[in-house]
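Engineer: Residue numbers (this note's numbering): 36 to 241.
Just so it is clear, CB atoms sit at the ideal spot from N, CA and C, and this is done for glycine as well.
Keep in mind the model is a prediction, meaning the values are calculated, not measured.
Okay, here's the thing in structure tokens:
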């Protein structure tokens, strides 16, 4: 998984938010992350030095190797977490292993052109959040197509759009809802503060 080097306070916080979610699986996390944590202190200028670079590379590598990533078990239910910001979409596919949820795969994508412009429209946020879910299910189709799964979103409106016997008046949302109806999933609403694994990925681009 490629993650751009944080270049301002916003992206430093996003990266630390993502890695902090998995801190129990990263030995010595606090010590490794210390140079980056110092950048968050009030009144401290953002000076990216060698210690910051080493910390960033170590944490980046830790995200894509055991024990954080696990092999998929197609006999178990998948959990798909998706979050969209005005700049990008982040998704995390997870399964329960030893009574804890572990990551099977990550994905993120920057928004471009008309996608980014639509955020400012009346239904823009809902459209971007819905498109993020469509994109995530396409990306993880090999895992999800023949399996039931739980879809987690922090956008309350989507729980209504994907509800039974619901018809979206927005043509774009209706088309995406039709595509998603081919999959078997239940929509679960979660506040953004409890979706660090996907939220961090959607906010690393700034």
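1) Give the secondary structure of residue 91 by DSSP, where H, G and I count as helix, E and B as strand, and everything else as coil.
2) Taking the alpha-carbon of residue 45 as reference, which of 205, 67, 72 and 65 has the nearest alpha-carbon?
3) In its own chain, which residues sit with a C-beta less than 7 Å from the C-beta of residue 214, not counting the 5 before and 5 after it?
4) Starting from residue 126, follow the alpha helix (DSSP H) in both directions and report where the run begins and ends.
5) Using three-state DSSP, classify residue 109 as helix, strand or coil.
6) So what's residue 79 in DSSP terms, helix, strand or just coil?
7) Provide the residue span of the alpha helix (DSSP H) that contains residue 207, from first to last.
8) Count Cβ pairs between the stretch 47-57 and the stretch 82-102 that sit closer than 8 Å; are there 3 or more?
9) With DSSP run on the structure shown, which of helix, strand or coil describes residue 56?
10) Should residue 117 go down as buried or exposed, given a rule of 16 or more other Cβ atoms within 10 Å for buried?
11) Quick check on DSSP: helix, strand or coil for residue 50?
12) With 16 other CB atoms within 10 Å as the buried threshold, where does residue 164 fall?
13) How many angstroms separate the CA atom of residue 185 from the CA atom of residue 223?
14) Would you decide whether residue 171 is buried or exposed? Buried here means 16 or more other CB atoms lie within 10 Å of its CB.
15) Suppose you measure from the CA of residue 180 to the CA of residue 63; what does that come to, to the nearest Å?
16) Strictly under 9 Å for the Cβ-Cβ distance: is residue 106 near chain E by that measure?
17) How should residue 42 be labelled, buried or exposed, when 16 other C-beta atoms within 10 angstroms of its C-beta is the threshold for buried?
18) Within the chosen definition, does the stretch 120-129 reach the stretch 68-85 through at least 3 CB pairs nearer than 8 Å?
19) Using a Cβ-Cβ cutoff of less than 6 Å, which residues in the same chain neighbour residue 211 once the five nearest sequence positions on both sides are dropped?
20) Between residue 96 and residue 107, what straight-line distance do the alpha-carbon atoms span, to the nearest angstrom?
21) Between which two residues does the beta strand (DSSP E) holding residue 178 run?
Structural biologist: Once the coordinates are examined:
1) Reduced to three states, the DSSP call for residue 91 is helix.
2) With distances taken between Cα atoms, residue 45 lies closest to 72.
3) The beta carbon of residue 214 sits closer than 7 Å to the beta carbons of 169 from its chain, once the five residues preceding and following it are set aside; these are given in chain order.
4) For residue 126, there is no enclosing alpha helix (DSSP H); the residue is part of the beta strand (DSSP E) that begins and ends at 123-132.
5) When secondary structure is reduced to three states using DSSP, residue 109 falls in the coil class, being assigned neither helix nor strand.
6) Residue 79: coil per DSSP, three-state reduction.
7) Here the alpha helix (DSSP H) through residue 207 covers 206-215.
8) Yes: the two stretches touch, three or more of their Cβ pairs being nearer than 8 Å.
9) Note: residue 56 maps to helix in three-state DSSP.
10) Buried is the call here.
11) Here residue 50 carries a helix assignment [DSSP, helix/strand/coil].
12) Here residue 164 is buried, its C-beta having at least 16 other C-beta atoms within 10 Å.
13) Straight-line Cα distance between these residues: approximately 7 Å.
14) By the Cβ-count criterion, residue 171 is buried, with 16 or more other Cβ atoms from all chains shown falling within 10 Å of its own Cβ.
15) Here the alpha carbons of residue 63 and residue 180 stand approximately 38 Å from one another.
16) No chain E appears in the structure shown, which is made up of a single protein chain.
17) By the 10 Å Cβ count, residue 42 comes out exposed.
18) Too few Cβ pairs lie closer than 8 Å, so no.
19) Cβ-Cβ distances below 6 Å link residue 211 to 165 and 169 in the same chain, with the five nearest sequence neighbours on each side left out; the list follows chain order.
20) Cα atoms of residue 96 and residue 107: separation of roughly 20 Å, rounded to the nearest angstrom.
21) Careful: residue 178 lies outside any beta strand (DSSP E), inside the alpha helix (DSSP H) at 176-179.
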